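*Asks:*
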Amino acid sequence: EAGVAQSPRYKIIEKRQSVAFWCNPISGHATLYWYQQILGQGPKLLIQFQNNGVVDDSQLPKDRFSAERLKGVDSTLKIQPAKLEDSAVYLCASSTPGNTIYFGEGSWLTVV
Amino acid sequence: GENVEQHPSTLSVQEGDSAVIKCTYSDSASNYFPWYKQELGKGPQLIIDIRSNVGEKKDQRIAVTLNKTAKHFSLHITETQPEDSAVYFCAASRGGANNLFFGTGTRLTVIP
Chain H
304 EAGVAQSPRY KIIEKRQSVA FWCNPISGHA TLYWYQQILG QGPKLLIQFQ NNGVVDDSQL
364 PKDRFSAERL KGVDSTLKIQ PAKLEDSAVY LCASSTPGNT IYFGEGSWLT VV
Chain G
532 GENVEQHPST LSVQEGDSAV IKCTYSDSAS NYFPWYKQEL GKGPQLIIDI RSNVGEKKDQ
592 RIAVTLNKTA KHFSLHITET QPEDSAVYFC AASRGGANNL FFGTGTRLTV IP
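Chains as they are written, first to last, in my numbering: chain H, 304 to 415; chain G, 532 to 643.
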């Protein structure tokens with residue numbers, strides 16, 4: 304079974320620029336999550352989708368972050384404009400309701 | 532919301548010895564407790580999980596115990612091997628399609 308796919312794996316941008324990350328969940332997984340993991344910390348939820356609807360986006364900095372999951376499959380997370388403190392690994396994860404959450408390899412963002 | 536604390540932050544053991552990592556949680560409604568292993572440059576990978584209706588679960592060299600009254604759970608790794616070296620995260624959730632709240636991680640080093 305193919306895992307959660309993410310791209311790009313690595314991205315370096317200057318502050319105030321924009322960046323977008325893409326995620327393709329495991330086939331059949333209705334729930335999709337975006338987590339932010341700052342170096343030395345545990346992952347923290349940014350947004351959770353159930354199919355193409357948002358379940359929880361309470362921790363998403365909406366002035367600069369946006370995410371969508373059109374057609375209930377792939378998802379895109381965008382940051383515009385980026386700040387230095389956005390440097391982190393952005394992890395996409397997916398699950399079937401009530402079951403194990405599987406993570407992708409992550410997209411590493413450095414803002415300089 | 533849920534708050535998960537994890538100790539120790541770093542742990543070094545000799546190959547063949549046992550390693551124990553402990554976590555506490557604050558939300559009495561949490562009923563799902565997974566453990567993830569994260570190797571450098573990779574996403575978290577589930578190694579074992581436990582639900583609140585059981586007190587202990589084992590899978591070969593790995594075991595997890597849960598004390599719901601005290602709101603703490605622990606990961607036990609026996610006969611440690613160098614390939615067990617990684618960062619381990621505990622997490623807690625209300626289950627279902629609910630979000631995971633992660634601890635701050637434990638960097639385990641197994642010395643050959």
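We put the CB at the ideal spot given by N, CA and C, even for glycine. Since the model is a prediction, treat every value here as computed from it, not as a measurement.
For residue 359 of chain H, which residues in chain G fall below 7 Å Cβ to Cβ?
*Replies:* Taking the first sequence and counting its residues from 1, one reaches residue 359 of chain H at position 56. What residue 359 of chain H touches in chain G: 630.
*Asks:* Residue 565 of chain G lies in the beta strand (DSSP E); which residues open and close that run?
*Replies:* Along the second sequence, one-based indexing puts residue 565 of chain G at 34. From DSSP, the beta strand (DSSP E) with residue 565 of chain G extends over 563-569.
*Asks:* With distances taken between CB atoms, is the gap from residue 336 of chain H to residue 396 of chain H smaller than 9 Å?
*Replies:* Start at 1 with the first residue of the first sequence, and residue 336 of chain H comes out as number 33. Start at 1 with the first residue of the first sequence, and residue 396 of chain H comes out as number 93. Yes, the pair counts as a contact, with Cβ atoms nearer than the cut-off.
*Asks:* If we cut at 9 Å on Cβ distances, does residue 634 of chain G have a partner in chain H?
*Replies:* Reading the second sequence from its first residue, position 103 is the one you call residue 634 of chain G. So yes, residue 634 of chain G belongs to the interface.
*Asks:* Rank G:578, G:573, G:548, G:586 by C-alpha distance to the C-alpha of residue 622 of chain G and give the top, closest one.
*Replies:* Here the question's residue 622 of chain G lines up with position 91 in the second sequence. When only C-alpha atoms are compared, the closest one is G:578.
*Asks:* Going by DSSP, what residues sit across from residue 557 of chain G in a beta bridge?
*Replies:* Reading the second sequence from its first residue, position 26 is the one you call residue 557 of chain G. Answer is none; residue 557 of chain G lacks a bridge partner.
*Asks:* Relative to the alpha-carbon of residue 533 of chain G, which residue among G:626, G:586, G:596 has its alpha-carbon at the smallest distance?
*Replies:* The residue given as residue 533 of chain G occupies position 2 in the second sequence. Selected option, being the one with the closest Cα: G:626.
*Asks:* Is residue 555 of chain G closer than 9 Å to residue 594 of chain G when the C-beta atoms are compared?
*Replies:* Mapped onto the second sequence, residue 594 of chain G falls at position 63. Mapped onto the second sequence, residue 555 of chain G falls at position 24. No, the pair does not count as a contact, with Cβ atoms beyond the cut-off.
*Asks:* Note the first and the last residue of the continuous beta strand (DSSP E) segment covering residue 310 of chain H.
*Replies:* Translated into the one-based positions of the first sequence, residue 310 of chain H becomes position 7. Looking at the DSSP string, the run of the beta strand (DSSP E) that includes residue 310 of chain H is 308-310.
*Asks:* Where does the unbroken beta strand (DSSP E) through residue 315 of chain H begin, and where does it stop?
*Replies:* Along the first sequence, one-based indexing puts residue 315 of chain H at 12. Here the beta strand (DSSP E) through residue 315 of chain H covers 313-316.
*Asks:* Give the range of the beta strand (DSSP E) segment to which residue 588 of chain G is assigned.
*Replies:* For the purposes of this step, residue 588 of chain G is taken as the residue at position 57 of the second sequence. Per DSSP, the unbroken beta strand (DSSP E) holding residue 588 of chain G starts and ends at 587-590.
*Asks:* Can you check which of these residues, G:608, G:587, G:591, is closest to residue 599 of chain G by C-alpha distance?
*Replies:* Position 68 of the second sequence holds residue 599 of chain G. The shortest C-alpha separation from residue 599 of chain G is found at G:587.
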